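Under the working numbering, residues 3 to 667 are what the sequence shown spells out, in order.
A virtual CB, placed ideally from N, CA and C, is assigned to each residue, including glycine.
These figures come from a predicted structure and were not determined experimentally.
Shown next, in structure tokens, is the structure this report addresses.
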Amino acid sequence: MKNLNKLLLLIVFIFQISGCNAQKPANKMDWWKDARFGMFIHWGLYSIPAGEWDNRKTKIGETTEWIQCYMKIPVADYKALAARFNPAQFNADEFVRLAKDAGMKYIVQTSKHHEGFAMFKSSDPFNVVDATPYKKDIVKAMAEACKKYGMHFGLYYSQAQDWNHPGGAACSGHWDPAQDGSFDKYLDEVAVPQIKEILSTYQPEILWWDTPCEMTKERAAKFEPIIAKYPNLIVNNRLCPGIEGDLETPEQFIPATGYPGKNWESCMTMNGTWGFGANDHNWKSSEVLVRNLVDIASKGGNYLLNVGPTSAGLIPDPSIERLREIGSWMKINGEAIYGTAASPFKKLDWGRCTVKKTAEKNFLYLHIFDFPVDGILRLPGLASKIDAAYELKNKTHKLNVESAGNYLKVNVSKVEKEKYATVIVLETSDEVVVYNGPEIHAEYSIFIGKAEFRITSDIPEAEIRYTTDGSVPNTNSAKAEQMNTIAAPASFTVKALCFIGGNAVSGLSELHLSKEKTISAVPLQNCKTGLQYSYFEGAWGQLPDFSDLKPLDQGITQNIDLTMKKRGADYGLVLKGYLQVPETGVYQFLLTSNDGSKMIISGKTLDNDGLHGMEGKSMDIALAKGLHPVEIQYFQAGGGDGLKLEWKTEGKDFTVVGKSYLFHR
Ligand code: GLC
């Protein structure tokens, strides 16, 4: 392995570590990239109802800061909350210290959310100083406390949704004539002046836009000259579709491979809501939160973790507990998070990796989530020469490292397991060089006759060899072709490796392809066209058990759609009948809906349940030619609705399942 190093350096992925290069001119993103961990604060009048209005509770998935929209609360009633907003126990220093002790390096606070209430002194009267008995400027207090504790400070501002100013509810659906008005006028008279106010008064380092519905480039241009006056201001990507901003903002998820080459930040809640929710006790464990942070850092992103203070001005106890626990982990392991860059490994079975470059050395931080049973941590395809390996919490505890062909083995059998994640450090004077295993792609995860797959590698000189009999490929194994087609008698696993000059250099990649029996069709005759539908009304956060409910209407539909609905929200649908499969084969179904849906075909379920936007889920299934029983369930809570079923089979593209395939008895 060692003597390959020079050649390897020329041909492989050489890991560029960002933010640590001394010659690079200072960039406004530098501090942000090093920070890796921040606190999001969602706080406003919605902390008073806290998810409950007129004895109605928000449903699962309905975040409490949206309560006015979900419950269609009239403007006057909602605005009256301001007279009750008096967070006497709020202490900005305590908020900031809590974030700091958790290891967070920045705070992004809502200065105005979709409710249109300013948490700062504004020329618009609907603000915390002029409209509440509290009378104090909360944004100012936070800005000052952040300065005092050396915490970077950012402000969230909802530019495109404002339910309590005329014209501001353009994209949320009006429910009160008091919301009527021109959206442009709202932008000119409320949003633009307020953006000027917050930028000049509080000098935030981040401006966090949100929900850019109804925003166009022309409308965004109203804000751009103001922002241009603050060249060091970091802005996210939610000002307007088509305007990138400085960072991507995946919400409530961690993108599988991050956004290579881009700055990004996953914002996430600790329970299920951004604003305080008195009834939401669904807290993530500290282990999940720490591992999210590690996972995000290993993909090169930042973690913006939310708290929702109460109307009394307190951060909820379960959030405090978790922040303290994260803080105790960060005290020991922060070095493996701050200033690090993404992992060079595509996948590690036992945990995650982050890397850091300094003038003298490169460091790999190995975050162990699951200790290997034999006490040996395997690093696939790592070609750099390792100078030292040790525990991060006890640097004098050196660990034995051994190169075993295409794997580096680190002996962790004597390492004491830490809570959440245990960090091991590897030092190298080399560049960090990793040969990742090849990618195995198959369009279908199942097959009935022949299985097809493609194997590719980003290592230009590599020769890819693979097996299908369970053995580890060697130089005599089959060479990967453009498309490999195999008629296998049973399910099998493709195993593939990259070789250079006759030596295995990469990690091993695997893909399981399962051979399935085709599901027989049902022998039916004289079926009529279309599916039977049953229409229901009710408020659900997920698919109910429709068999317990009485439908309001029933009939036949020729298409899988929502034309039989009688209103736009809080309804459900069950479609039942038979699907005519034209030819025996493997089919992939794609069920897309807003909100949740599910399809059961010949006993197999494709689940796309839950409150969500237009989102698709797919399933592969082997079906014999003929009729197959099918049932589709759907529910809609609020907002947009939609239901679509598409399918494809080998050699074809997705098409909508049309009326010529739908039948009932
Ligand atoms: C959303 C929601 C919102 C929340 C935000 C955080 O778009 O509208 O309530 O503030 O995302 O990312």
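Identify, in the order they occur along the chain, each residue of the same chain with its Cβ nearer than 7 angstroms to the Cβ of residue i, setting aside the five sequence neighbours on each side.
i, result
"K8", "Here K8 scores only 37 on pLDDT, less than 50, and its place in the model is too uncertain to base an answer on."
"K654", "none"
"S160", "K114, H115, H116, D212 and T213"
"T218", "C242"
"R99", "Y151"
"M41", "A101, M106, I109, L307 and V309"
"K600", "L545, T607, L608, D609, N610, D611 and Q635"
Using the three-state DSSP reduction, which class does residue i fall into: helix, strand or coil?
i, result
"T487", "strand"
"R380", "strand"
"M332", "helix"
"A453", "strand"
"A24", "Low local confidence applies: a pLDDT of 42 at A24 is under 50, so the model's placement there is unreliable, and no value is given."
"I502", "strand"
"F42", "strand"
"L554", "coil"
"E617", "strand"
"Y468", "strand"
"W68", "helix"
"C269", "strand"
"P374", "coil"
"A338", "helix"
"Y158", "strand"
"F665", "strand"
"S49", "helix"
"V309", "strand"
"L9", "Unreliable positioning characterises L9 in this predicted model, as indicated by a pLDDT of 39, which lies under 50. The coordinate reading is nonetheless provided below. Three-state DSSP puts L9 in a helix."
"L325", "helix"
Quickly, what does DSSP pair residue i with across the bridge? List them, please.
i, result
"R354", "H369"
"Q638", "Y573"
"Q590", "D622 and K650"
"A462", "The question names Ala, but residue 462 is Pro in the sequence shown. In the DSSP output, where bridge partners are listed per residue, P462 has none listed."
"L673", "Absent from the structure is residue 673, since the part of the chain shown begins at 3 and ends at 667."
"K481", "R467"
"I442", "I457"
"N304", "E267"
Residue range of the alpha helix (DSSP H) that residue i falls in?
i, result
"S288", "S288 to S300"
"E96", "A94 to D103"
"K35", "D32 to A37"
"V194", "V194 to Y204"
"K219", "K219 to A222"
"A145", "I140 to K150"
"A230", "E226 to A230"
Quick one: is residue i near chain B, going by C-beta distance under 7 angstroms?
i, result
"I370", "This model lacks chain B altogether, as it is built from one protein chain only."
Go to residue i, then tell me how far its beta strand (DSSP E) extends in each direction, as first and last residue.
i, result
"S599", "S599 to I603"
"Q534", "L533 to E539"
"F185", "Segment F185 to Y188 is the alpha helix (DSSP H) holding F185; no beta strand (DSSP E) there."
"E512", "S511 to K517"
"K680", "What the structure shows of the chain is the stretch from 3 to 667, and residue 680 is not part of that stretch, so it cannot be assessed."
"A84", "Note, A84: premise wrong, no beta strand (DSSP E); not H, not E."
"N413", "Y409 to N413"
"Y392", "A390 to E393"
"K606", "K606 to N610"
Roughly how far, in whole angstroms, is the beta-carbon of residue i from the beta-carbon of residue j, given that I think they are within contact range, below 8 angstroms?
i, j, result
"T495", "A624", "Going by Cβ atoms, the distance from T495 to A624 rounds to 19 angstroms, so no, they are not a contact pair."
"Y232", "L201", "6 angstroms"
"E54", "N281", "7 angstroms"
"E289", "Y422", "5 angstroms"
"N234", "K30", "5 angstroms"
"L291", "M272", "7 angstroms"
"L592", "F656", "6 angstroms"
Near residue i, what residues of its chain come up, given a Cβ to Cβ distance below 6 angstroms and the 5 sequence neighbours on each side ignored?
i, result
"I256", "S268, D297 and I298"
"I603", "H630 and V632"
"S415", "G377"
"H514", "T495"
"E327", "S288"
"E441", "T458"
"L2", "As shown, the chain starts at 3 and ends at 667. That puts residue 2 outside it, with no answer to give."
"A162", "T213, P214, C215, E216 and M217"
"E67", "H44, Y48, H115, W276 and G277"
Note down, in chain order, each residue of its chain lying with its Cβ closer than 8 angstroms to the Cβ of residue i, except the 5 sequence neighbours on either side.
i, result
"Y80", "L47, Q70, E117, W165 and N166"
"K661", "T531, G532, Q560 and N561"
"A90", "Y136, A314 and G315"
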